[in-house]
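Participant: Residues -18 to -1, 1 to 181 in mature numbering (1 follows the signal peptide of the UniProt record, and there is no 0) are what the sequence shown lists, from first letter to last.
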Amino acid sequence: MARSTVLLSLVAITAAMLSGCDEKGKNTPPPPAKPSSHLPSNSAPAVPNPINDTTRVETDPCSAVPTATIEEIGGKVERLRTVELAGGLNCSWLFLEAPSTVSAGLLVGNKDGLSALYAQNSTGGLTTFRPVEPVGGHPAVIYANGSEGRGTCTLAVGIRDDLVYTVIPHLSSGNPLVSDPCGMATRVAAAAIKNLKGS
């Protein structure tokens, strides 16, 4: 199964430079992230158990969920790749029954987390906005801005007050979950959160 990296991320280089060693030569873990004191805002829920160490998944989004788990959820995967998006790096899994895909990653470019979505919704900037049951104990929202359609769903889960993990399935009629893309998104997000907590 081929795996290609579209971008040599500056984040990865920076992380490597900053992950210093102590006097015994052992790797020093990165300091915990410090969410802004103004978060949450716009009636967004607080993330009760924030995950501070997300560096690995920020730089290698495909490490968040094993391909075997994706296949258990949505069928045989033909290939996966890392994709650069405006908000950060995503992993895109292409199912054998193309053109079905599911993409997921941390939106590091959004420093307001779920609060940004709640703010956008409050000003009428979203065409779909639906808070859903927590995923792995983390608050979550299904949202869209005119991209609704069969086989498509966008799920954002609060990892910290200043960070969300998004999952976006685009499923064709050949995929068994085409009628429940949000169910797929929820299962992918739950697997990612489990792995993030164990990292």
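Beta carbons are placed, not taken as given, at the ideal position from N, Cα and C, and that holds for glycine. All values reported here derive from a predicted model rather than from experimental measurement.
Please state the DSSP three-state secondary structure of G140.
Facilitator: strand
Participant: Check whether the Cβ atoms of residue 188 and L153 lie closer than 8 Å to each other.
Facilitator: It is not possible to answer for residue 188, since the shown part of the chain is limited to -18 through 181.
Participant: Tell whether a beta-carbon distance below 8 Å holds between G95 and V146.
Facilitator: yes
Participant: What does H152 pair with, by DSSP beta-bridge criteria?
Facilitator: DSSP, once it has assigned bridges, lists T83, T134 as partnering H152.
Participant: Which runs of the alpha helix (DSSP H) fall wholly inside the region 84 to 126 and span at least 4 residues, in chain order?
Facilitator: 96 to 104
Participant: Given a threshold of 16 other Cβ atoms within 10 Å of its Cβ, counted over all protein chains shown, does S129 qualify as buried or as exposed?
Facilitator: exposed
Participant: Three Cβ pairs or more, each shorter than 8 Å: is that satisfied between the region 33 to 47 and the region 104 to 113?
Facilitator: No contact exists between the region 33 to 47 and the region 104 to 113.
Participant: For N9, name the three-state secondary structure that DSSP assigns.
Facilitator: For N9, the predicted structure reports a pLDDT of 45, less than 50, and the residue's modelled location is therefore unreliable. The matter cannot be settled from this model.
Participant: State buried or exposed for P158, treating a residue as buried only when at least 16 other CB atoms are found within 10 Å of its CB.
Facilitator: exposed
Participant: Since L178 is in the alpha helix (DSSP H), which residue starts that stretch and which ends it?
Facilitator: 163 to 180
Participant: Nearest-angstrom Cα distance between N103 and A68?
Facilitator: 20 Å
Participant: Assuming L178 and I52 form a contact by the criterion Cβ under 8 Å, report the distance between their Cβ atoms to the nearest whole angstrom.
Facilitator: With 8 Å as the limit, L178 and I52 do not qualify as a contact, their Cβ atoms being about 16 Å apart.
Participant: If we require 3 or more residues per run, which beta strand (DSSP E) segments fall completely within the region 39 to 68?
Facilitator: 59 to 67
Participant: Can you tell me which of N31, S155, S25 puts its alpha carbon nearest to the alpha carbon of I175?
Facilitator: N31
Participant: Mind checking who L145 pairs with in its DSSP beta bridge?
Facilitator: In DSSP, L145 forms a bridge with R142.
Participant: Spatial neighbours of A26 within its chain, please: CB distance less than 7 Å, with the 5 preceding and 5 following residues excluded, ordered by chain position.
Facilitator: The beta carbon of A26 sits closer than 7 Å to the beta carbons of L96, S97, Y100 from its chain, once the five residues preceding and following it are set aside; these are given in chain order.
Participant: Between I141 and V29, which are expected to be in contact by the criterion C-beta below 8 Å, what is the C-beta distance as a whole number of angstroms?
Facilitator: 7 Å
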